[in-house]
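Under my numbering, the first residue of the sequence shown is numbered 493, with each subsequent residue one higher. Backbone N, C-alpha and C fix where the C-beta goes; we use that ideal spot for every residue, glycine too. Have a look at the structure below before the remarks.
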Amino acid sequence: MSALEIRPAAEADLPFITDIYAHAVRHGTATFELIPPDLAEMTRRFRALIDGGFPYFVATLEGQVVGYAYAGAYRPRPAYRFTVENSVYLQPAIHRRGIGLQLMQRLIAECEARGFRQMIAVIGDSANAGSIGVHTKCGFQMIGTHPNVGFKFGRFLDLVFVQLLISGTPTEPRP
Ligand SMILES: CC(C)(COP(=O)(O)OP(=O)(O)OC[C@H]1O[C@@H](n2cnc3c(N)ncnc32)[C@H](O)[C@@H]1OP(=O)(O)O)[C@@H](O)C(=O)NCCC(=O)NCCS
Numbered sequence: 493m494s495a496l497e498i499r500p501a502a503e504a505d506l507p508f509i510t511d512i513y514a515h516a517v518r519h520g521t522a523t524f525e526l527i528p529p530d531l532a533e534m535t536r537r538f539r540a541l542i543d544g545g546f547p548y549f550v551a552t553l554e555g556q557v558v559g560y561a562y563a564g565a566y567r568p569r570p571a572y573r574f575t576v577e578n579s580v581y582l583q584p585a586i587h588r589r590g591i592g593l594q595l596m597q598r599l600i601a602e603c604e605a606r607g608f609r610q611m612i613a614v615i616g617d618s619a620n621a622g623s624i625g626v627h628t629k630c631g632f633q634m635i636g637t638h639p640n641v642g643f644k645f646g647r648f649l650d651l652v653f654v655q656l657l658i659s660g661t662p663t664e665p666r667p
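What follows is the structure in structure tokens.
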């Protein structure tokens with residue numbers, strides 16, 4: 493495979509991230525968004541994550557952004573502060589080459605370093621074998637399924653919850 497790099501995302505990456513996500517919104521069921529957010533909205537989301545102390549990575553091949561992964565608050569109330577929800581998206585052309593796995597492994601390591609303890613992925617669509625597969629390979633456990641809670645492309649869709657114990661016990665406030 494050509495040179496793959498996983499590195500922290502920068503604002504200059506956001507046009508590429510916006511395109512990757514827009515394709516997933518328009519054509520996929522992993523996200524239940526129906527209208528692709530524009531660059532300004534993706535920038536607002538990115539800044540909120542970075543300002544909140546959450547990690548955001550891109551994967552590049554030969555210097556081109558081909559995927560990204562980030563973690564954010566699972567829920568805003570402070571008792572959830574050790575728990576993050578993650579997202580990972582790749583350009584369709586480079587699926588199943590191990591890049592999603594490498595993005596996730598970097599994200600998990602960074603979340604551990606930042607003191608987070610639980611990571612939850614909320615996966616659109618029980619048929620999303622790629623997402624369920626990569627999370628399972630990272631050690632996530634199946635928590636359960638909310639059947640038929642989304643409606644996209646003319647059909648009802650499940651939400652699948654999977655969860656990873658990142659490490660340790662959250663007995664100390666995170667740094
Ligand atoms: C989910 C996604 C990020 C996975 O990334 P990827 O680079 O294609 O996956 P990888 O090649 O790293 O796969 C790692 C492992 O996950 C599993 N896996 C990945 N894709 C799979 C598929 N389609 N079916 C079954 N298992 C799969 C396999 O165990 C695989 O290991 P293997 O290839 O050695 O068997 C990618 O498919 C994607 O962007 N999908 C669309 C958006 C999406 O669903 N995002 C997740 C939102 S929560």
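Beta-bridge partners of residue i, as assigned by DSSP
i           : result
residue 637 : 652
residue 579 : 562
residue 556 : 553
Alpha-carbon to alpha-carbon, residue j and residue i
i           : j           : result
residue 599 : residue 550 : 10 Å
residue 632 : residue 657 : 8 Å
residue 565 : residue 601 : 17 Å
residue 495 : residue 554 : 6 Å
residue 535 : residue 595 : 20 Å
N- and C-terminal bounds of the alpha helix (DSSP H) containing residue i
i           : result
residue 536 : 531-543
residue 498 : Taken as a continuous stretch (DSSP letters only), residue 498 belongs to no alpha helix (DSSP H), being part of the beta strand (DSSP E) at 496-500.
residue 519 : 506-519
Nearest candidate by alpha-carbon position, reference residue i, set the options
i           : options            : result
residue 583 : 504, 615, 652, 559 : 559
residue 512 : 608, 552, 642, 602 : 552
residue 573 : 608, 586, 603, 617 : 608
residue 652 : 642, 646, 563      : 642
Expected contact under 8 Å - CB spacing of residue i and residue j to nearest Å
i           : j           : result
residue 580 : residue 546 : No, residue 580 and residue 546 are not in contact; Cβ-Cβ is about 14 Å, not under 8 Å.
residue 521 : residue 620 : 7 Å
residue 655 : residue 612 : 5 Å
N- and C-terminal bounds of the beta strand (DSSP E) containing residue i
i           : result
residue 612 : 610-616
residue 527 : Premise fails: residue 527 is in no beta strand (DSSP E) and is neither H nor E.
residue 548 : 548-553
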